[in-house]
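Engineer: Attaching a single structure in structure tokens format; questions to follow.
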Amino acid sequence: MRYGLISNFRRSWSKVGERTVIDSQKSFDNRYLFSAVSPLSGNSFHLIGIDGFDSAVAHTFLLELKKQHPRKTVIVVWDNAPCHRPKVHREIPGLIVLFLPPYSPQLNPAERFFEELRKSTANRIFKTIEEQEQVIEEKLNDLTDNIKAMKQLLSYEWIVKQCGRVN
1 MRYGLISNFR RSWSKVGERT VIDSQKSFDN RYLFSAVSPL SGNSFHLIGI DGFDSAVAHT
61 FLLELKKQHP RKTVIVVWDN APCHRPKVHR EIPGLIVLFL PPYSPQLNPA ERFFEELRKS
121 TANRIFKTIE EQEQVIEEKL NDLTDNIKAM KQLLSYEWIV KQCGRVN
């Protein structure tokens with residue numbers, strides 16, 4: 001997920017007849033959050049504050065994710081972003097990379113997770129990227145500390161059914 005100092009607008013309430021005014025900001029400073037979320041267990045792994053988004057960073061993320069689960073086979077379901085495509089990702093022992101169909105973010109449970117994170121920065125102005133990052137980290141911790149809520153957010157019925165068939 002990319003986050004930055006460009007304003008993130010969301011719906012807001014105002015009194016009937018009054019115009020809603022929301023400050024905006026157009027700074028192009030941004031960073032990335034890499035996340036792996038498990039729809040079945042509600043567990044997650046994150047790297048926040050990454051300056052770039054390329055295949056080398058994606059590969060580092062996968063290596064770090066695999067280190068978290070050294071004795072398990074890790075299945076990563078990714079979209080078709082160019083940095084997700086290199087074959088080197090698929091050569092990590094104990095890691096299986098599957099790809100979603102092109103242009104199908106609705107199939108990716110991580111998108112719902114990222115949407116919840118984006119709500120925490122909506123309609124706000126941040127002086128620095130570090131200030132925004134702190135707000136995102138707080139929301140990230142709130143979400144990841146609540147396993148039940150994570151499962152409710154991420155466990156699409158079709159994913160649970162498919163995983164039940166595999167196990």
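The sequence shown begins at 1 in the UniProt record's numbering and counts up by one. Ideal Cβ placement from N, Cα and C applies to all residues, glycine included. Every value quoted in this text rests on a predicted model; they were computed, and no experiment measured them.
(1) Taking buried to mean at least 16 other C-beta atoms within 10 Å of its own C-beta, is phenylalanine 99 buried or exposed?
(2) Starting from the Cα of histidine 89, find the closest Cα among Pro101, Ser14, Phe113 and Ser55 and give me that residue.
(3) Note down the Cα distance separating lysine 26 from lysine 119, rounded to an integer number of angstroms.
(4) Assuming leucine 62 and isoleucine 96 are in contact, meaning their beta carbons sit under 8 Å apart, how far apart are those beta carbons, in whole angstroms?
(5) Using the rule of at least 16 other Cβ atoms within 10 Å of the residue's Cβ for burial, across every protein chain shown, is isoleucine 75 buried or exposed?
(6) Considering Cα atoms alone, identify which of Asn8, Phe45, Phe34 and Asn30 is closest to threonine 144.
(7) With 16 as the cutoff for other CB atoms within 10 Å, does isoleucine 22 come out buried or exposed?
(8) Please say whether glutamate 133 and arginine 31 have beta carbons closer to each other than 8 Å?
(9) What's the C-alpha gap between lysine 72 and asparagine 43?
(10) Going by DSSP, what residues sit across from histidine 46 in a beta bridge?
(11) Using the Cα positions of lysine 66 and aspartate 142, report the straight-line distance between them to the nearest angstrom.
(12) Taking C-beta to C-beta, are phenylalanine 28 and isoleucine 50 nearer than 8 Å?
(13) Within 10 angstroms of its Cβ, does phenylalanine 122 collect 16 or more other Cβ (buried), or is it exposed?
(14) Using a 10 Å radius around the Cβ and a threshold of 16 neighbouring Cβ atoms, would you call leucine 140 buried or exposed?
(15) Can you check the UniProt domain "Tc1-like transposase DDE" (8–131) for any beta strand (DSSP E) of at least 3 residues that lies completely inside it and give the ranges in chain order?
(16) For the alpha helix (DSSP H) that methionine 150 lies in, which residues bound it at each end?
(17) Which one of Pro70, Asn108 and Glu131 has the shortest CA to CA distance from tryptophan 158?
(18) Short check: CB of leucine 154 to CB of phenylalanine 114, under 8 Å?
Structural biologist: For this structure:
(1) Around the beta carbon of phenylalanine 99, fewer than 16 other beta carbons sit within 10 angstroms, so the residue counts as exposed.
(2) Ser55
(3) 18 Å
(4) Not quite, the Cβ-Cβ distance comes to about 11 Å (not below 8 Å), so this is no contact.
(5) That one is exposed.
(6) Phe45
(7) exposed
(8) yes
(9) 14 Å
(10) Ser35
(11) 24 Å
(12) no
(13) The identity of residue 122 in the sequence shown is alanine, whereas the question assumes phenylalanine. It counts as exposed.
(14) Its Cβ being crowded by 16 or more others within 10 Å, leucine 140 is buried.
(15) If we require 3 residues or more, the beta strand (DSSP E) runs fully inside the UniProt domain "Tc1-like transposase DDE" (8–131) come out as 26–37, 44–50, 74–78 and 95–99.
(16) Start and end: 147–154.
(17) The candidate whose alpha carbon is nearest that of tryptophan 158 is Asn108.
(18) no
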